[in-house]
Structures are given as C-alpha cells and as structure tokens.
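Protein chains in written order, with our numbering: chain P, 1 to 401; chain D, 1001 to 1483.
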Amino acid sequence: MSYSRRDFLLHSTLASASLLMPRFLKAFNPIGNSFLPAGNKTLVVIQMSGGNDGLNTVIPYRNDDYYRLRPSLAIQKADALTLNDELGFNPVMKAMKSLYDNGSMTIINNVGYPNPDRSHFRSMDIWQTASDADKYLQTGWIGRYLDNECSGCAGYSAIEADDTLSLTMKGQNRKGMAISDPKRLHQDTQRKLLRDISADYSSSQHGNSTVDYLYKTQAETISSADYIYDKYNNYHSTTDYPKGDFGKNLKNIAELIISGIDTRVYYVSIGSFDTHVGQKGRQEKLLQTLSDGLGAFVNDLKQNDRFKDVLVMTFSEFGRRVQENGSSGTDHGTANNMFLLSGSLTKPGIYNESANLADLDEGDLKYHIDFRSIYATVLNRWLGANDAGILGAQFDHVNVF
Amino acid sequence: MPGLASNYYMVSNQKKIQHLYLRAGFILSPADIAAMAKMDIKEVVKKLFNDSQADTPLQSAKIMSTMPDLKDMTADEKKQYIQEQGREVKDLNMEWVNQMVSTNEVLREKMTLFWHGHFACRSQLSVFDQAMNNGIRQNALGKFSDMLAHISKSPAMLQFLNNQQNRKKSPNENFAREVMELFTMGRGNYTEDDIKNAARAFTGWRFNKQGEFEFHAEQHDDVSKLFLGKSGNYNGDDILNIILEQPATAKFIVKKLYRYFVNDEIDEEKCDFLASKFQTDYDLGKLMYSIFVSDWFYDEKNIGTRIKSPIELIVNLQRAIPLQLNNPQAPLYVEKVLGQVLFQPPNVAGWPGGKDWIDSSSLMFRVSLPGFIFNNTITDVKPKENPDDAERKMMAREEMQEPQIPKKQASLSVTPDWTTYINGFKDVNDENLYSAISEYLIQSPSPQFKEETISKYISKDTRESFIKSLTVSLMSVPEYQMC
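Below you can see the structure in the form of structure tokens.
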C-alpha cells in the first residue's frame, strides 16, 4: 500500500491525537505477534555529526529545482544509484544500495521538528534530548529509556562506541556506558587499587548518597567490563570493515551483538558532515565509509542470523540548505532523511514523498515528520517501551515494521 | 535562624575552613591550612571576602575597534581570522583556568564560575565572551540587578539569544523567554503572553559594529504592553525591573545558589528566609556572606557531598600541589573529556552538574587522572570533537581528519612541586601523617574505603615517598571527587 503525502499527513504528525485515537489503537498493536519479547531486540543508533546533506545522499534526480539550485554540486542522473523513478543514492553508496534492493532498508524523508535551530550544538541537543525547540532537557532519550524501562538493568544495557558518553545516553538515574574497546576497558579496570577500593564498598553498607552513586558506578563499570570481556571472546568477526574509527566501532558492535551480550541499545557516531567548503570529496568519503560499514555490519549479522533482531537508525542534527553556497559547499539547513535498516522491516523502501523543492521555508526544506515520531515508533514497537512516558508526549507512530 | 546544628562541634575547625574554601573558592594549600587552622571560622569568612575585593579581568582576547565582517574578507583573510578566533577562545579558556589556579580572589572567581554556568552563552567572538565574563566578575559580589542588566545588554547574549533579530515588525522571543525561564523566575511564574509582550519591550536592543550595546528606537515597539499583570509602554529595562520585583526571582536565584554552594537538596525554610532578605536589595555579597557565616553551612550533612565539576577538579589539583604542566593545553583536554569546556556550555541552561558529571567513562577517567598526571602514564582517551571546532577547521580549509587529539596531548605529564606540598605537613609527626593527609584531601566525614586498603599502596621507604604515594592513592578514591 502506498501513502500519498496527504494521506500520510492525515495519519501522522499534523492530525490531532484525539482524532487519531481509535485508528491509533487499531493500527499500532505494541509488540505485535511477529515480535519477540522485549529485550531480544537491539537498536543501533548512528549519529551523523555535523549536519549531513540529505539531498546529495538521496538524490532527487528528476527534480529541475535540484539541478537549478545546485549547479556545481548536483549529482547527475546517470551517476545516481537508482532507487525508484525519482530518487537515487549517491554513487559511493553501493553497499547501501544493495541493502535497499534486498528489502533491508526504509528511507524516511523530510524528518525534522518545528522551529528548527541551525546551530550544531542546539540542534544536536534537541535531537539527543528529544525536546521541543524552545525547551531544555538535561537527559537524553535513550537515558530516559534506561530510567523508565530498565531501572534494574546492568550498566551495559546501552553502550556508546566511544571514549566519552553522549547526552543521548544519560538519564536521571541510569546512564549508558561509553566503551570504544572492550579489551581496553577490561585493562583499565584491572588496577588493583581500583578493585580493592571497590571491594571495600561492597563489604560496607550501601546508602543513597552521592558518594554511593560514585561507588555504584565504579562497581558496575568493573563488573560490566568483566562480563563483556568474558562474553566478547565468543565471536570474532572476519568481515572487512572500512578503516578508521567508524568501521572499528561498527565491528565492535557486531561482535558484541553476536557474542550474545544483553545490550538493548548501541550508539555510534560518524562525522564531520559539516560541508561548508568543498563538499563533494568530504561528504562522499564519509558516505562511502557509512555505506561500506553498514554493508559489512549487516553481512556480519546475517551470517549469524541476527539481522532480524537488529534495527539500525541513522540521523543527523540537520540537513543542509537546498541552494549551494559560493564555496562548493552547503550551509546549515533543516529537514533531512533518516534510514532504518533491519531484517524485520515490513515496509522496506521509500516510506514517504521526497522533499518538495518548490515549497521551501526561506530556502530550507519543510519537515513533514517529527523526528520524535520515529523515536516513539522505535521505542514502542522495537524496544517495547512506553514511548509517551519517555518522550513526554504521545507522538504518532510511523508504520515501518 | 535556628540554633546550632547538633553536630556543630563535631566538625573540626580545619574541616570547616576546608569546606568554606572548597565551596566558596578553591582548596587551600596544606601550608595555608596549617597557618589558618586556629582561626575562628567567621574571621576566615571575612578574610575570604577581603581577598576578593580586588577584581582581575581576563584580557587575552584582542579588543577590536570594529567587528570584522566575513563578507568583506578575501579567502586568505577569512582563513586567518577564523584560525585566530579558534586560538583566542582556547587562550581565553586557559587564561581563566590559570587565573583560578593562581588568584587570591578565589571567592570572586568561584562566583564568576557559578554565573558563567547560569548565564550560559556561546558567542561567535572571543572578545564578546571576554567582555561578558568580565562583566560577570565585576558584579559577582555586587548587585544581581546590575549583573542582569549587564548580561541583557552584552553583545554575546544579544547574539546568542537572537535579540539582534528582535524587531518591532517581527519579534523574536528567544531572549525574552530565556531571561524569565532560566535567568530569573523559572517556569510556572509567567504566561506565553508575558513572553510575547516582554519580547516586544526588548525590540531594538542591539549591538553595533564596535561591539557596544545600542538602542534602535526605529525597531522598538512603542505601544503599551501588558506584562505580569501590569501595563505600560515598557522598554527592556522596565521589564527587567518588573521581573526583579517578583518574589519568584529572588527565590529562584537563592535556590540555585544554595544548590551550588550548600547542598543539592534544598532546605525550603532556609531558602525562603534568605530570599526574603535578598529581594530587598539583590546584594549578592551580602547574601553569600550570610550563608557562609551561618552555622548550618558547616553542618556535617553539607560537607563533602558535592561532586567537583571538571573545572573544580582541575583547579583544586593544581592548587593543592603546584604543577608545571608539560603540555599547557592539558587542562583543555581534561575539560573536553569530562564535559565542561569553559565558554562552551551545552546550551543556555548551562551544565546540569551533580550526578550528571559522572558516568562510567568519566568516573574511570577521574579516578585514573592522578595516575596519568603523577605516574606519567599515557591516556589514549579521545574526547568528542566539538562541532564548532570542526566547522572552524572546515572554514579555514584545513584538511579534514578523523577527529583525534594530537599524540602529545595524550600525555598529561607534569613537573610537580612536591617540596612545597610536603613542607605543608612539616609540623605533622610521622604517625599522624595518614590522618593529616586524608583529612586534607577527603572531605567526606565517613569515607567508605578502609585505611588498611590504602596502606597496601603506600610506600614506606621515606617520609617523602610516603606522602607522595598516599596523596596519589587518596586522589584515586571516589571520595576525592567530592567537595
């Protein structure tokens, strides 16, 4: 069944919640029959830092406005990797093209939020906390998922493949762990003084003071490091991943998933996509890394029959202006596309109409789907969580799996 | 005010002095503690205030007679300018850290650090950052009303909260909203209409090419406004005055100061009392003085319960043991890893602080930091790349790389001046050294770790090696993260 944009809007963001209620209850049966119980599903979030240019990622190769506004940057029709009669991938995204072709990917166009902010920090903050543009939250959406749904879970329930933790992963009481290398984490927690001090605490009485929080965090880090190190040896990938941090991180995540570590959410970043100057070379290098990395990742998971339990979601803090600037680059924009990849998608392909370049808001794309609708769907229908409790409001779901 | 807390006399005078300095300023050196140990705490408070009568502004950002316009620059000029700005923001950061490490005006600097988080702002120009920071420092112990007026007219904030775009015909509510929500009253004390009307009153508040505040009458909405139940043809100053008349403002500020300087858990009764006084004159010096001379400030439940912010951690370490940094940018690296880069707050709400500083990786880094510094072990922790830095590099057409720190930064090695530190304990017998040093470094009244555990890691070869190894070990326990 295909959605026209008008239908889509009726079904989703612009329609009022009360109007939608009956339909909502009927259409969205949380954790439907085809789903395994919560906890067996894994979410992998990929943050494309710096603001990826969605229009040169998914190319509207039949759109005259696109070629008019991007005289030097536009990807020619002949070069685009055709997805349908309107859109095509950037030519470097061959691996993602085959994932698209074999039904492993959904592309959601025009994702954004009202009153978009064009500052990296602020917009990333909004995406990471899932706040309104004029509100400030001090916890991230995955952090609140841990707070609300995972209060008794281990520290490794949400892992960011990096050395430091993003706001996304920080809840009020629970936080994810930043682990860029399970072996190094294990080494770092081997220090005898650290272990002895931790043991002193375990043998004394536990309270709820701030210092208890530090001791608990320390003890949890040590036990998580031991658990992960122990399990991690179950599987070593032989798949080739792209060189560099992103490829290395994705490989680690694949190994952790396949090793059977009970982690619900992984988080990894790639960047910087902030292509104000000389966009073509920079963006394509990154897109190729993303595409090749995801190709290898999915391959790894498929070989181990885990792709059906894994959902990958990509996002960037904003898209870029439609019109190229004077330095063969693009400046900060607004709405953008998101990719969902999984072996369990029921609606692979292109989910909704592509951006309307004839109807811009001061040169920027208008959003049609609030990004929190995607978060809500993923939280509810993939992770089996109470999305409204985590997001602070009921956002309509998108029908992708 | 209530009488003495029941455990008032159980807290040693040294603990009280340390508590005062850790909260109201930064740690005293062992020698200073030894010299002041017998002073009455109220005399110490007076000394603290006297020392902060002076005011030393930051000055590393180059003042420009006119603000440069990128549009008028050639590609080379632009590149040079962008690189220079990047350097200046770092220089300003390091200048301030060094000032906090070396100054006698510790109370003024600590207040400035507090307000730096309260009036959280990211500016595109280091000279704007510097001007706003110096304005905060100047008013840090003066009137909150003066500080608020200064901030509201500072180019950094006008730019950050889009008041340059706030015009009669197309009002921009950003500044009006945040001034009420985050800077003065807090949510729940005004309506959306109050925001709209306040925004109209701030129309025409701009800054000029010289970086000075300028009122543009032609862009000002000169029609009567209804604001918080009053009506009149208000301008921005009138709005700020009406905001200051609200009891909610005094209460909001007092509570935030209480959380930062006293205890994360609010004592409503005490805050109400302090706020009722504060509202009469908005005198910050008087307010802080009344807190620091209160007996309850030294109540055991308020001691050692606050997690040091990354800046406090960095500054206190260097004030306890004088360190010559082999890499002058090492503090910046630690700021990045631990998530508090000066002049780069996460958003206009500032750093959340408290438990938010701690997750498994930041805690591991914190407890390993003494080892990195004193045992010269290398850290390969990579901080996240700041998107503005990435953008700057891009605009300056530098080659893009995988975000990484230069190899040399991975070394946090220092040349410590152990002699000065060790001399601070010269009057302590060998048998009392453990308790003297742990009393100095660990504020928590009831530490969780055991002395016999620490003892396993202490060298008993010489008095000097004993002090060094004990100090580094104690700095590696979770309690050291508290102040």
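Using N, Cα and C, we set each Cβ at its ideal position, and we do this for glycine too.
When CB distances to chain P are screened at a threshold of 9 Å, the residues of the segment 1375–1388 of chain D falling below it are Asp1380, Val1381, Lys1382, Pro1383, Lys1384, Glu1385, Asn1386, Pro1387, Asp1388, in chain order.
Contact residues of the segment 172–206 of chain P toward chain D are Lys175, Met177, Ala178, Asp188, Leu193, Leu194, Asp196, Ile197, Asp200, Tyr201, Ser204 (C-beta to C-beta distance below 7 Å). Secondary-structure assignment with DSSP links Ser1231 (chain D) through a beta bridge to D:Leu1226.
Between the alpha carbons of Lys1079 (chain D) and Gly1285 (chain D) lies a distance of about 44 Å. Arg372 (chain P) is outside the set of residues whose beta carbon lies under 8 Å from a beta carbon in chain D. Neighbourhood of Arg122 (chain P) in chain D, by CB distance below 7 Å: Asn1347, in chain order. About 4 Å separates the beta carbon of Asp1221 (chain D) from that of Arg1200 (chain D), a gap short enough to meet the 8 Å contact definition. Contact between Leu1441 (chain D) and Leu1412 (chain D) does not hold, since their C-beta atoms are separated by about 19 Å, which reaches or exceeds 8 Å. Secondary structure at Phe395 (chain P): coil, using DSSP grouped into helix, strand and coil. Straight-line measurement puts the Cα of Ser1438 (chain D) at about 23 Å from the Cα of Phe1261 (chain D). In this structure, the CA atom of Asn299 (chain P) is about 8 Å from the CA atom of Thr239 (chain P). At a cut-off of 8 Å, the C-beta of Gln1448 (chain D) has a neighbouring C-beta in chain P. Per DSSP, reduced to three states, the secondary structure at Ser157 (chain P) is helical.
If you draw a straight line from the Cα of Ser342 (chain P) to the Cα of Ser49 (chain P), it comes to about 22 Å.
Nearest C-alpha to Tyr136 (chain P) among P:Glu149, P:Tyr145, P:Arg122, P:Thr221: P:Arg122. When DSSP states are grouped into helix, strand and coil, Lys1169 (chain D) belongs to the coil group. In this structure, the CA atom of Asp359 (chain P) is about 20 Å from the CA atom of Phe371 (chain P). Pairing Ile1033 (chain D) with Leu1020 (chain D) gives a Cβ-Cβ distance that is not under 8 Å. Classified as buried, Glu149 (chain P) has 16 or more neighbouring CB atoms from the shown chains inside 10 Å of its CB.
Val1477 (chain D) belongs to the set of residues whose beta carbon lies under 8 Å from a beta carbon in chain P. Of all residues in the segment 217–238 of chain P, only Thr217, Gln218, Glu220, Thr221, Ser224 come within less than 8 Å of chain D when Cβ atoms are compared, listed by chain position. Taking a beta-carbon distance threshold of 8 Å, Asp1356 (chain D) counts as an interface residue toward chain P.
For Lys1090 (chain D), same chain residues with a beta-carbon under 8 Å away, outside a window of 5 residues either side, are Gln1329, Leu1332 in chain order.
Thr210 (chain P) reaches chain D at Asp1264, Thr1305, Arg1306, Ile1307, Gly1354, Lys1355, Met1482, counting residues in chain order whose Cβ is nearer than 8 Å.
Assignment of alpha helix (DSSP H) within the segment 1117–1175 of chain D, counting only whole runs of 4 or more residues, yields 1126–1139, 1144–1152, 1155–1160 in chain order.
Under DSSP, the beta-bridge partners assigned to Leu341 (chain P) are P:Met105, P:Val312. Residue range 245–259 is occupied by the alpha helix (DSSP H) that includes Glu255 (chain P).
Shown here for Leu99 (chain P): same chain residues with a beta carbon closer than 8 Å to its own, the five before and five after excluded, namely Met105, Leu294, Gly295, Val298, Leu341 in chain order.
Runs of alpha helix (DSSP H) with 4 or more residues, each lying fully within the segment 1012–1089 of chain D, are found at 1013–1024, 1030–1036, 1041–1051, listed in chain order.
Per DSSP, Ser1411 (chain D) lies in no alpha helix (DSSP H) and is assigned neither H nor E.
Asn208 (chain P) and Ala1120 (chain D) have their C-alpha atoms some 30 Å from each other.
Counting C-beta pairs with one atom in each stretch, the segment 1286–1293 of chain D and the segment 1309–1325 of chain D have fewer than three that are closer than 8 Å, which means they do not touch. Taking a beta-carbon distance threshold of 8 Å, Ser49 (chain P) counts as an interface residue toward chain D. With a 10 Å radius around the Cβ and a threshold of 16 neighbouring Cβ atoms, Asp64 (chain P) comes out exposed.
Between Arg184 (chain P) and Phe318 (chain P), the C-beta spacing is not below 8 Å.
Residues of the segment 298–317 of chain P with a C-beta less than 7 Å from any C-beta of chain D: none at all.
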